[in-house]
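Below is one structure, written out as structure tokens; the observations come after it.
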Ligand code: SAH
Ligand code: SF4
Ligand code: F3S
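Numbering (my numbering), first residue to last: 197 to 678.
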């Protein structure tokens with residue numbers, strides 16, 4: 197757990213320590229000294245911005261990166277104002293990659309006007325050697341590149357980028373190291389993501405995540421629980437436990453622990469009122485977990501359970517380790533235990549070899565399960581994954597046509613499902629002032645849907661009962677109950 201540091205006590209004239217995290221504290225102190233010089237020259241503090249381009253795990257990494265930058269003496273600013281701009285990239289689909297190149301183009305013109313601007317890239321996309329090569333040759337104005345395994349090293353790398361002239365590149369192929377005790381700057385005071393594991397061992401045949409995030413590593417329950425206790429002490433009411441496949445949490449620890457048992461321990465922490473988690477792989481979702489969710493009212497009645505495809509044949513090609521029937525049976529078991537649960541999912545359209553019949557199977561599951569919402573994706577070919585070299589890649593026009601049909605179906609159902617709680621009174625965690633309607637605030641129910649209702653900013657961070665007066669598409673308008 198990170199404790200506030202007194203950086204003046206660190207001797208920065210000596211050699212840097214070898215052990216972590218002491219080494220990073222040393223470099224934070226070095227950066228602070230650099231910042232003093234900047235301040236004298238410019239009569240202001242240097243600004244940094246971290247742009248998050250990926251999933252919740254990336255978002256959590258960005259909070260850690262911001263925490264380090266703040267300790268290094270920087271102020272945080274919008275992307276356009278940063279003296280140091282760091283992109284935390286994603287590479288799960290090709291459009292995520294294209295976005296990065298777009299941003300780089302724009303930054304290049306900014307850097308021509310302001311050569312002291314420092315540009316850094318990190319995250320999943322940087323774990324791909326061909327990407328780093330392209331940036332090195334085509335975007336040589338970039339100052340710093342690092343990957344997913346060494347974000348804890350930001351202070352050291354930042355110091356090098358600030359003081360060296362050439363591009364600094366430090367990408368690790370893999371790691372078994374988990375460096376704890378680093379600062380973090382949370383986006384919300386009342387809710388926080390908490391990593392419980394890193395990496396993924398599943399190798400779904402379309403997916404690049406195991407290659408860029410490395411093998412599955414679970415954090416110890418003690419580290420997780422003490423982080424959450426500290427968060428609760430800081431006023432956090434809701435935690436989201438994060439991992440690519442939380443259902444396999446703890447299996448590789450020296451003393452194995454099940455995810456359900458971790459959840460039970462988290463639910464005993466005083467002050468934590470809501471627990472969420474992401475993502476659940478259907479193949480590892482245990483009855484113990486369903487029971488635990490049913491028993492424990494702090495665990496939100498929401499499961500994100502990616503389906504990917506409704507065709508057992510395609511699921512096998514995807515290496516998902518479940519069939520259509522098993523998925524349906526699993527959702528039945530979940531709903532038997534928790535009839536009010538909200539089920540959401542991810543679906544990929546146009547996986548290699550997908551026929552109209554396969555696609556109809558997907559539509560069939562969507563109609564049977566009636567998801568509260570679904571993220572739908574066009575299959576994107578990721579170099580190096582087994583699916584990329586499969587025959588029968590689906591033509592883009594066919595893919596798009598199926599995608600539109602799926603989206604229509606998903607939205608039609610979600611629209612109906614989302615209204616089912618109209619008239620009820622539900623607990624809502626108030627998150628922010630509503631930008632569109634004066635005098636209104638917005639918050640989230642346990643099932644993750646938003647509710648907007650009249651209220652003042654003092655409610656932010658509180659959990660209050662709200663009557664769901666009117667369902668409007670995918671959100672509600674409500675009225676607070678006193
Ligand atoms: N670990 C999570 C998913 C992480 S990626 C899980 O297994 O559920 C988030 C989503 O992106 C996946 O669920 C999948 O639907 C989608 N996705 C991953 N690779 C993709 C690809 N190559 N093309 C299109 N969508 C993809
Ligand atoms: Fe990718 Fe599959 Fe791992 Fe999810 S479980 S991150 S889809 S390989
Ligand atoms: Fe993207 Fe990496 Fe997350 S590839 S989806 S940011 S784990």
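Positions of the beta carbon are idealized from the N, C-alpha and C atoms, including for glycine. Just so it is clear, the structure is predicted and the values come from calculations on it, not from any experiment.
{"Query": "Output the boundary residues of the beta strand (DSSP E) element that contains residue 550.", "Result": "Element bounds for residue 550: n/a, residue is neither H nor E."}
{"Query": "CA-CA distance, residue 314 and residue 281?", "Result": "6 angstroms"}
{"Query": "With distance defined between alpha-carbon atoms, name the residue in 339, 248, 505, 667 nearest to residue 555.", "Result": "505"}
{"Query": "For a test of your reading of the model: does the CB of residue 409 fall under 8 angstroms from any non-hydrogen atom of the ligand F3S? Yes or no.", "Result": "yes"}
{"Query": "Using a Cβ-Cβ cutoff of less than 6 angstroms, which residues in the same chain neighbour residue 628 once the five nearest sequence positions on both sides are dropped?", "Result": "638"}
{"Query": "For the ligand F3S, is there a heavy atom less than 8 angstroms away from the beta-carbon of residue 404?", "Result": "yes"}
{"Query": "How about residue 685: is its Cβ closer than 8 angstroms to a heavy atom in the ligand F3S?", "Result": "In the structure as shown, the chain starts at 197 and stops at 678, and residue 685 therefore has no counterpart that could be examined."}
{"Query": "DSSP three-state call for residue 169: helix, strand or coil?", "Result": "In this structure the chain extends from 197 to 678, so residue 169 is not present and cannot be described."}
{"Query": "Cα separation between residue 307 and residue 465?", "Result": "48 angstroms"}
{"Query": "With a threshold of 6 angstroms on Cβ separation, who are the neighbours of residue 575 within its own chain once the five nearest residues in sequence on each side are excluded?", "Result": "544, 546, 547"}
{"Query": "By a C-beta neighbour count over all protein chains shown, 10 Å radius and 16 as the cutoff for buried, is residue 215 buried or exposed?", "Result": "exposed"}
{"Query": "Which same chain residues end up closer than 7 angstroms to residue 274 when comparing Cβ atoms and leaving out the 5 residues on each side of it in sequence?", "Result": "245"}
{"Query": "Is residue 236 near the ligand F3S, judged by its Cβ being under 8 angstroms from some heavy atom?", "Result": "no"}
{"Query": "Give me the residue from 523, 672, 434, 651 with the minimum Cα distance to residue 616.", "Result": "672"}
{"Query": "Take the Cβ of residue 665 as the centre, count every other Cβ of all protein chains shown within 10 Å, and call the residue buried at 16 or more, exposed below.", "Result": "exposed"}
{"Query": "Less than 6 angstroms between C-beta atoms, sequence neighbours within five positions excluded: which residues of the same chain meet that for residue 588?", "Result": "548, 549"}
{"Query": "Let me make sure I understand the geometry here. Which of 380, 515, 207, 438 has the alpha-carbon closest to that of residue 200?", "Result": "380"}
{"Query": "Check residue 626 in the structure and name its three-state DSSP category.", "Result": "strand"}
{"Query": "Looking at the ligand SF4, does it come within less than 8 angstroms of residue 252, judged from the CB to the closest heavy atom?", "Result": "no"}
{"Query": "Would you kindly report the start and end of the unbroken alpha helix (DSSP H) that includes residue 594?", "Result": "592-614"}
{"Query": "Flag residue 210 as yes if its beta-carbon sits less than 9 angstroms from any beta-carbon of chain C, otherwise no.", "Result": "Protein chain content of the structure displayed is limited to a single chain, and chain C is not contained in it."}
{"Query": "Is residue 477 near the ligand SF4, in the sense that its beta carbon is under 8 angstroms from a heavy atom of that ligand?", "Result": "yes"}
{"Query": "Excluding the 5 residues flanking residue 479 on each side, which residues of the same chain have their C-beta closer than 6 angstroms to its C-beta?", "Result": "517, 518"}
{"Query": "Which whole runs of the beta strand (DSSP E) in the region 262-291 are 3 residues long or more, in chain order?", "Result": "280-285"}
{"Query": "Can you tell me whether residue 619 is buried or exposed, with buried defined as 16 or more other CB within 10 angstroms of its CB?", "Result": "exposed"}
{"Query": "Which one or two residues does DSSP pair with residue 208 in a beta bridge?", "Result": "Answer is none; residue 208 lacks a bridge partner."}
{"Query": "DSSP three-state call for residue 411: helix, strand or coil?", "Result": "coil"}
{"Query": "Helix, strand or coil for residue 234? Go by DSSP, reduced to three states.", "Result": "helix"}
{"Query": "What residue from 624, 559, 198, 476 has the CA that sits closest to residue 376's CA?", "Result": "198"}
{"Query": "Specify, as a first and last residue, the run of the beta strand (DSSP E) that residue 570 falls within.", "Result": "569-574"}
{"Query": "Report the partner residues of residue 394 according to the DSSP bridge assignment.", "Result": "413"}
{"Query": "Excluding the five sequence neighbours on either side, which residues of its own chain have a C-beta within less than 7 angstroms of the C-beta of residue 400, listed in chain order?", "Result": "514, 515, 516"}
{"Query": "With residue 366 as the anchor, note down where its beta strand (DSSP E) starts and where it stops.", "Result": "364-366"}
{"Query": "Nearest CA to the CA of residue 527: which residue from 258, 378, 565, 422?", "Result": "565"}
{"Query": "Would the beta-carbon of residue 573 fall within 9 angstroms of that of residue 541?", "Result": "no"}
{"Query": "For residue 678, does the three-state DSSP call read helix, strand or coil?", "Result": "coil"}
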